[in-house]
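Below is one structure, written out as C-alpha cells, with a few remarks after it.
Residue numbers (the UniProt record's numbering): 1 to 560.
What follows is the structure in C-alpha cells.
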C-alpha cells in the first residue's frame, strides 16, 4: 500500500511539472512560425551580401565538380584559341599591308602615288592591221592559232598575222629581217607583234630561239620613229622606251639589233633614232655624246641603269614602253629590287612586256601588279624545250668527264658551247681544251667586260671553235650557227637546262645537246630531266628510267 501511494504522488508531481512547462511556452500559430522562418532566410541572404568573402570561403570549401572543371577547361582553351587566332590575323594583315605597300611604292611613280592615279585602259597606239584583217571572223583567228600551236589569253586579243607586210612594217625593216634569214614570222611573232604594236601589255612565253627579241624590238623602233617624226626629241627628254636585260652580253646583242634597224631606217629616208647602251663594265664617258645629243631607246642592265637614274644623268619622264627580256632571271635575287626601283621612275602610263622561255609563279604574281589587261601569248608550253633539239644524256663519272668531253666534241662540227655551273670549272675546261689543241675561249662573270666581249666576238666570227661558258651565256644570247651544246655539269635547276640547250636548234634548225650526269646530281633534278625528255619525245637512257616518279605527274616548274 505504501508503494502504491508513492507512485500516485509521483504521477501527480509529473503532471504538475508538465502543466507548468506548457504555461511557460506559449502557443505559436502556424502563420507566425512561417513569418519567422522567412525572416531568418532573409537575414542570412542579407548577411551573405554584406559579407561576400564569407560566402566565397564557403563556396571554396566545397569541392568543385567534374562538370565545373570541364567547363573551366573549355573556357581556358577557347580564350587561348581566340588569342592565337587574333594574333595570327593581325600578323597576316600586317604582312599584306607591307607587301601591298612595297608593290605599290615601287611599281608606280611618286607622282602617280601622290595623286592616286589608276589607269583603266591600255595605252593607245596609232597602228592597226589592214581592214580585211580587222573584219576577219574570230574563228579564222582561232584556226591560225591552232595551226601554229599558239595559245593566247586575255581580253580583245588582236588577230594573229602570218606575213610581215600585213603588220605594215616598213620595207627596209623587212629587208633587214631577210638579211637575218627571217623571211616569215615565227609563231611568237605572228601573235606577239600585233599585240605589241597595238599598245597592249603582254607576257610572251616561247622556247629559246623562237624570235622573241624581234617581237619587242621592232615595235619600239617604229614607235620611236613615229614620235621623232611628230615632234623631234630634245636631249633632256630622256628615252621613249626601255629594254632591260639580265646580262651585259644580252644587252649588247639587243643594242646592236636596235642600232642596225635604226640605221636601215635612216638609209631609207626615215628620221634617225638613237639608242643608249647602259651596262656595267664600260665607261659611260663613251656614251657621253649620245647622252648629250639625246636618245630614244635605252638598253640596259638593272644595276647600271639604277645608278644612272640616281645620279640624274637622265630621266624616264618620257618613257612609255618597258620590256623585260628574260623576265624570270630579272625577277630573282638582287635584280628584283633594282627592277622595282627602276619602274618607280616611269612617270606616266607605260606599255609593259615580259618575255621568257620559262615563266615561274613569281613572274605571274609580278605581272598581276604591274600589267594592265595583259595578253598572254604562249607558244608550246612554258618551260618546254624546243622540239628541234636532240637531247642526249650520258652517265659519266666525275673523273672521266674530260675524256668524254673530247669524244662529245667529235659528234658535230664547230662551233660548240660547253656549259659548266661554276667559274673555276670553266677555267679548268678551257685550260684542258687549250692543252689538247682546241681553239677555245671562256666567258664567266669574273672576267672583265673587254675579255667577255672579245670571247663573244671571236666565237661569233668563227675564229674560235669552242666557247666554255657559265650561266651568263645561257639566256638570250643568239648564236645561229651553233650545232652542239655540251652540258659538262648538269644545272641544278631544270629552267637553266632549258635555257642552255636552247643555244642550239634556233631558227628552225636542228641542234644537238649532250649532258653529263653522275651520282652528284640530285634526284629531283634527274626526275625533272626525265619528265622533260618524255615530254619532248626523246630517248630515255636506262639509268634515268629507273629514277622513281614523284607523286605528281606534272613537273612543278612548268606553268601553263
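Glycine residues also receive a C-beta, built at the ideal position from the N, C-alpha and C atoms.
Measuring CA to CA, which of the options is closest to residue i?
| i | options | result |
| --- | --- | --- |
| residue 247 | 240, 255 and 521 | 255 |
| residue 261 | 303, 171, 152 and 294 | 171 |
| residue 365 | 351, 332 and 388 | 332 |
| residue 328 | 158, 353, 312 and 133 | 353 |
| residue 306 | 296, 285 and 334 | 334 |
| residue 125 | 349, 437, 528 and 77 | 349 |
| residue 257 | 36, 188 and 173 | 173 |
| residue 234 | 217, 470 and 315 | 315 |
| residue 121 | 199, 163 and 128 | 199 |
| residue 574 | 237, 179 and 251 | In the structure as shown, the chain starts at 1 and stops at 560, and residue 574 therefore has no counterpart that could be examined. |
| residue 418 | 464, 236 and 123 | 464 |
| residue 425 | 194, 402 and 407 | 402 |
| residue 322 | 137, 35, 363 and 196 | 196 |
| residue 155 | 138, 523 and 148 | 138 |
| residue 253 | 236, 457 and 136 | 457 |
| residue 533 | 218, 192, 391 and 284 | 391 |
| residue 163 | 151, 185, 152 and 150 | 185 |
| residue 574 | 167, 169 and 318 | The question about residue 574 has no answer, for the chain in this structure spans 1 to 560. |
Between which two residues does the alpha helix (DSSP H) containing residue i stretch?
| i | result |
| --- | --- |
| residue 542 | 542-545 |
| residue 278 | Unbroken run through residue 278 is the beta strand (DSSP E), 275-278; no alpha helix (DSSP H). |
| residue 176 | 171-179 |
| residue 138 | 138-147 |
| residue 260 | 248-267 |
| residue 526 | 523-535 |
| residue 343 | 334-343 |
| residue 243 | Run containing residue 243: none in the alpha helix (DSSP H); it sits in the beta strand (DSSP E), 241-244. |
| residue 499 | 494-501 |
Residue i: buried (16+ other C-beta within 10 angstroms of its C-beta) or exposed?
| i | result |
| --- | --- |
| residue 539 | exposed |
| residue 243 | buried |
| residue 60 | Note that residue 60 scores 48 on pLDDT, short of 50, meaning its location in the model is unreliable and no value can be drawn from it. |
| residue 48 | With a pLDDT of 49 at residue 48, under the threshold of 50, the modelled position of that residue is not reliable, and no figure is offered here. |
| residue 104 | Confidence is the limiting factor: at residue 104 the pLDDT is only 46, short of 50, which leaves the residue's position unreliable, though a coordinate-based value still follows. When all chains shown are included, residue 104 counts as exposed. |
| residue 561 | Residue 561 lies beyond the residue range present for the chain, which begins at 1 and ends at 560; the question has no answer from this structure. |
| residue 497 | buried |
| residue 210 | buried |
| residue 286 | exposed |
| residue 229 | exposed |
| residue 326 | buried |
| residue 444 | buried |
| residue 546 | exposed |
| residue 543 | exposed |
| residue 468 | buried |
| residue 552 | Reliability of the predicted coordinates at residue 552 is poor, the pLDDT of 44 falling under 50, and the value obtained from them is presented with this limitation in mind. Burial call: exposed. |
| residue 190 | buried |
| residue 221 | buried |
| residue 549 | exposed |
| residue 310 | exposed |
| residue 167 | buried |
| residue 52 | Any answer about residue 52 is weak, because its pLDDT of 49 lies below 50 and its placement is not dependable; what the coordinates show is given next. Its Cβ having fewer than 16 others within 10 Å, residue 52 is exposed. |
Looking at the unbroken beta strand (DSSP E) that takes in residue i, where does it start and where does it end?
| i | result |
| --- | --- |
| residue 325 | 321-325 |
| residue 467 | 466-469 |
| residue 355 | 351-356 |
| residue 484 | 484-487 |
| residue 561 | There is no way to answer for residue 561, as the model of the chain reaches only from 1 to 560. |
| residue 299 | 297-300 |
| residue 517 | 511-517 |
| residue 150 | 150-153 |
Report yes or no: is there a C-beta of chain D within less than 8 angstroms of the C-beta of residue i?
| i | result |
| --- | --- |
| residue 324 | Any reference to chain D falls outside this structure, which holds one protein chain only. |
How do the segment 507-521 and the segment 396-414 stand: do at least 3 beta-carbon pairs fall below 8 angstroms, yes or no? yes
Okay, do the segment 514-522 and the segment 387-397 touch, 3+ Cβ pairs below 8 angstroms being the bar? yes
Quick check: the segment 215-227 against the segment 264-271, are there 3 or more CB pairs under 8 angstroms? yes
List, from N- to C-terminal side, the beta strand (DSSP E) runs of 3 residues or more that fit wholly inside the segment 424-462. 440-443
Output the residue ranges of the beta strand (DSSP E) runs that lie fully inside the segment 192-224 and measure 3 residues or longer, sorted by chain position. 202-205
Beta strand (DSSP E) segments (min. 3 residues) lying fully within the segment 376-418: 389-395
Any 3 or more C-beta pairs closer than 8 angstroms across the segment 193-205 and the segment 365-378: yes
Within 8 angstroms, do at least three Cβ pairs link the segment 292-302 to the segment 334-346? yes
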